[in-house]
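Numbering (the numbering used here), first residue to last: 1061 to 1280.
Scroll down for the structure; my scribbles are underneath it.
What follows is the structure, given as structure tokens:
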């Protein structure tokens, strides 16, 4: 199950969302042109085992890691998710608050992974933690929106309209089961995926969206 488009109209051009997508793509192309991309990735990835909560400089790689991806499938899937759900969250929050929300989601996601695997030497890269926050907010604010979703029925691919609550709820439950599966392994990064970061980011997005909705309801 993979989201492709949503039906939610927007009032403003999502300039920040498009700039984030563009920046991710440009940095990925730069990675491909490097003679040793592994060295670049290790320099700017977030590595829980190297992180120190009390050292300000340690937080630098949390944010740089959000713009580094490990392969074509990694960046394509992340950017499609960001394209589908990010524009409406930017529309709801405004441009400046959206970038703060996005980076805040990335921060909470990384700290969630750090809390679960404090000594892990495995580099954490990709925008999925921040995008999980976007998905978490969308789940609250636009849960009944229709999402054109690519699904597999037996051996056939088809596109169907599904409510956002189902698409994102299914995705979140999948993250939980994957996290449980990773607990039986020697590392909390099953297959190189930071499951705890996804869960932490999604909950952060949920929380901010709940707060925003409650705040607006009190103002009415």
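Ideal placement from N, C-alpha and C gives every residue a C-beta, glycine not left out.
Specify the secondary structure class of residue i as computed by DSSP and reduced to three states.
{"i": "residue 1106", "result": "strand"}
{"i": "residue 1223", "result": "strand"}
{"i": "residue 1253", "result": "strand"}
{"i": "residue 1126", "result": "helix"}
{"i": "residue 1275", "result": "helix"}
{"i": "residue 1177", "result": "coil"}
{"i": "residue 1096", "result": "coil"}
{"i": "residue 1112", "result": "coil"}
{"i": "residue 1243", "result": "coil"}
{"i": "residue 1270", "result": "helix"}
{"i": "residue 1258", "result": "helix"}
Just reading off the beta strand (DSSP E) that residue i is part of, what are its end residues?
{"i": "residue 1152", "result": "Run containing residue 1152: none in the beta strand (DSSP E); it sits in the alpha helix (DSSP H), 1132 to 1153."}
{"i": "residue 1211", "result": "1206 to 1213"}
Quick one, are the C-beta atoms of residue i and residue j less than 8 Å apart?
{"i": "residue 1108", "j": "residue 1178", "result": "yes"}
{"i": "residue 1256", "j": "residue 1232", "result": "no"}
{"i": "residue 1264", "j": "residue 1159", "result": "no"}
{"i": "residue 1127", "j": "residue 1083", "result": "yes"}
{"i": "residue 1079", "j": "residue 1142", "result": "no"}
{"i": "residue 1185", "j": "residue 1101", "result": "yes"}
{"i": "residue 1212", "j": "residue 1222", "result": "no"}
{"i": "residue 1201", "j": "residue 1152", "result": "yes"}
{"i": "residue 1064", "j": "residue 1219", "result": "yes"}
{"i": "residue 1205", "j": "residue 1234", "result": "no"}
{"i": "residue 1188", "j": "residue 1266", "result": "no"}
{"i": "residue 1122", "j": "residue 1170", "result": "yes"}
In the DSSP output, which residue or residues are listed as bridge partners for residue i?
{"i": "residue 1218", "result": "1211"}
{"i": "residue 1184", "result": "1106"}
{"i": "residue 1066", "result": "1207"}
With residue i as the anchor, note down where its alpha helix (DSSP H) starts and where it stops.
{"i": "residue 1199", "result": "1188 to 1201"}
{"i": "residue 1092", "result": "1075 to 1093"}
Looking at the C-beta of residue i, does it have a partner C-beta in chain D at a distance below 8 Å?
{"i": "residue 1068", "result": "Absent from the structure: chain D. Only one protein chain is present."}
Tell me whether the segment 1144 to 1164 and the segment 1066 to 1083 touch, counting them as touching only if at least three CB pairs, one residue from each stretch, are closer than 8 Å. yes
Is the segment 1109 to 1117 touching the segment 1192 to 1202 in the sense that three or more CB pairs, one from each, lie closer than 8 Å? Taking a cut-off of 8 Å for Cβ pairs, the segment 1192 to 1202 and the segment 1109 to 1117 do not touch, as fewer than three such pairs fall below it.
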